[in-house]
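Quick note on numbering: the sequence shown equals residues -23 to -1, 1 to 348 in mature numbering (1 follows the signal peptide of the UniProt record, and there is no 0). Glycine residues also receive a C-beta, built at the ideal position from the N, C-alpha and C atoms.
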Amino acid sequence: MRKTVVALATAAAVTLTAMPAQATTLPPLKEDLLKASISGLPNPETTGALVRITGRAGEFSGVSGVANLETNAPVNPRGSFRIGSTTKVFTAVLVLQLAQERRIDLDAPVQRYLPGVLPANYPPIPVYTLLDHTSGLPHIDIPQLADPQWVVDHRFDSWTPAEVLATATKHPHEFTPATAQKYSNTSYIVAGMLVEKITGQSYRRALRERITDPLGLCHTYEPGNDPHLPNPAARGYITVQGKLVDVTEMNQSIPWAAGGMISTASELDMFITALFRGRLLGPAMMDRLFKVPAVETVNNGGPAMYSQGLQTITLNGVTMWGKTGSRYGYSSGVFATRDLARRAAYSVNVTTKSTEGQPQIVLKIADAATR
């Protein structure tokens, strides 16, 4: 009970963080483009979609396609969905809160807090590099993306964080920490383990007591080994050998603190609003949320795009911050301008999980929301 009170007090203490002084210049919201971006569903690539746009610059709520291919039930705009890597924002906030409480030194090596978890021949890895993908930790090595049949056959398997991490750390460390950026689920598995070690709580409980309960997010949670989605929810399908297979029920212990959470569009909107208004972090840690390291990415040599918790995109001259997420059958995200004048949350039920960036329907939604 005491820890819950402390978390609530911490959240209340930072509610006065100032917003950026300069207001974002935004074009009027174009409802016709947003409707067109999700039209024509279901199709072979996407079965359903929901989009929620809020903010002083206009509002829109739309759905398309079906929630269930067998019943043809419509998509419910209040439905729950798997948020995938948007989970990373929540995990980053937990770590930054612990740093704010001086229980973690972000510049100290992870090995100080988690001795023996990483191989002895790995270099010291500063905690902050876990959050901005500059740790150099190798990828988790589980055959999910490359083998959809494996996904179907093993969708109810239960993994511990240590078992997931071991698939990555059997490989060499990739580059000197803080010298490059390479997106890594592994870093956020370690970050989740760090939260558990420092708080003495499960990740799920720390998330509830520090973020979701104080913000009143009743439908946002980490499901543990429960494979179900609560109703209402659109079904998730993936293509296996030319046929659609329903994978709505799936254990999320592999992505865990890197991508295992469930939420709704309205609650993601509530979360990012509270986060940007400073209800969860004080000014110093808020600065970290919006500071992208001056390094290049490993994959394509372009500039970094991830801060300690968020990613930034600029489309049609509009810069937004947030995070995309992807799980089998679900591609989602939440983004907002710094001043919250425009906020966007979406979930689309895509039938393939691409290794080559975002699905086309997501790109269309993003373009329509900023044009």
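task: Please classify Ala(-3): is it buried, with 16 or more other beta-carbons within 10 angstroms of its beta-carbon, or exposed?
output: Confidence in Ala(-3) is poor, its pLDDT being 38 and thus under 50, which makes the residue's placement unreliable; the coordinate value appears in the next sentence. Exposed, by the Cβ-count rule.
message: Given this structure, state the Cα-to-Cα distance separating Ala97 from Glu273, to the nearest angstrom.
response: Answer to the nearest angstrom: the Cα atoms are 27 angstroms apart.
query: If you count every other CB in all the chains shown that lies within 10 Å of the CB of Lys159, and 16 or more means buried, which is it?
result: Looking at its Cβ environment, which holds 16 or more other Cβ atoms inside 10 Å, Lys159 is buried.
- prompt: Taking the Cβ atom as the reference point for each residue, do Tyr214 and Thr24 lie within a distance shorter than 9 angstroms?
  reply: A contact, by the Cβ cut-off of 9 angstroms.
- prompt: CA-CA distance, Trp136 and Thr1?
  reply: Going by the C-alpha atoms only, they are around 44 angstroms apart.
message: Measuring alpha carbon to alpha carbon, tell me which residue in Pro149, Ala123 and Glu36 is nearest Pro100.
response: Of Pro149, Ala123 and Glu36, the residue nearest in Cα terms is Pro149.
- prompt: Would Phe58 be called buried (16 or more neighbouring beta carbons within 10 Å of its own) or exposed?
  reply: Per the 10 Å Cβ criterion, buried.
query: How many whole angstroms separate the CB atoms of Asn326 and Ala211, which I take to be in contact at a CB cut-off of 8 angstroms?
result: Right, the Cβ-Cβ distance comes to about 5 angstroms (below 8 angstroms), so this counts as a contact.
- request: Hey, could you find the ends of the alpha helix (DSSP H) Asp264 is sitting in?
  value: Note, Asp264: alpha helix (DSSP H), Pro260 to Leu266.
query: Using DSSP with H/G/I as helix, E/B as strand and the rest coil, what is Met282?
result: Three-state result, Met282: coil.
task: Using only the heavy atoms of the ligand SAM, determine whether one of them is closer than 8 angstroms to the beta carbon of Glu47.
output: Because no ligand of any kind appears in the structure shown, any question about the ligand SAM cannot be addressed here.
task: Counting only the same chain and skipping the five closest in sequence on each side, list residues whose C-beta sits under 6 angstroms from that of Thr189.
output: Take Thr189, set aside five residues on each side of it, and the residues of its chain with a beta-carbon closer than 6 angstroms to its own are Thr197, in chain order.
field: Helix, strand or coil at Ala(-15) [DSSP, three-state]
entry: Residue placement at Ala(-15) is flagged as unreliable, the pLDDT there being 33, under the threshold of 50; a coordinate-derived value is accordingly withheld.
- request: Return helix, strand or coil for Ser164, following the three-state DSSP convention.
  value: Three-state DSSP puts Ser164 in a helix.
field: Between the CA atoms of Thr144 and Arg265 - distance to the nearest angstrom
entry: Rounded to whole angstroms, Arg265 to Thr144 spans 30 angstroms at the Cα level.
- request: Label Glu47 either buried or exposed according to how many other C-beta atoms from any shown protein chain fall within 10 Å of its C-beta, with 16 as the threshold for buried.
  value: Exposed: under 16 other Cβ atoms inside 10 Å.
- prompt: Is Gln178 helix, strand or coil by DSSP?
  reply: Gln178 falls in the coil class under three-state DSSP.
task: Take Ala242 as the anchor and find which of Gly302, Asn277 and Val295 has the nearest alpha-carbon.
output: Nearest C-alpha to Ala242 among Gly302, Asn277 and Val295: Gly302.
- request: Mind reading off the beta-carbon distance from Ile102 to Ala321? Whole number of angstroms is fine, and I expect it under 8 angstroms.
  value: Not quite, the Cβ-Cβ distance comes to about 33 angstroms (not below 8 angstroms), so this is no contact.
Span separating the alpha-carbon of Pro232 from that of Glu173: So the alpha carbons of these two residues sit roughly 16 angstroms apart.
message: As a quick exercise: from Leu10, Val43 and Leu27, pick the residue whose alpha carbon is nearest that of Pro19.
response: Pro19 has its Cα closest to that of Val43, out of Leu10, Val43 and Leu27.
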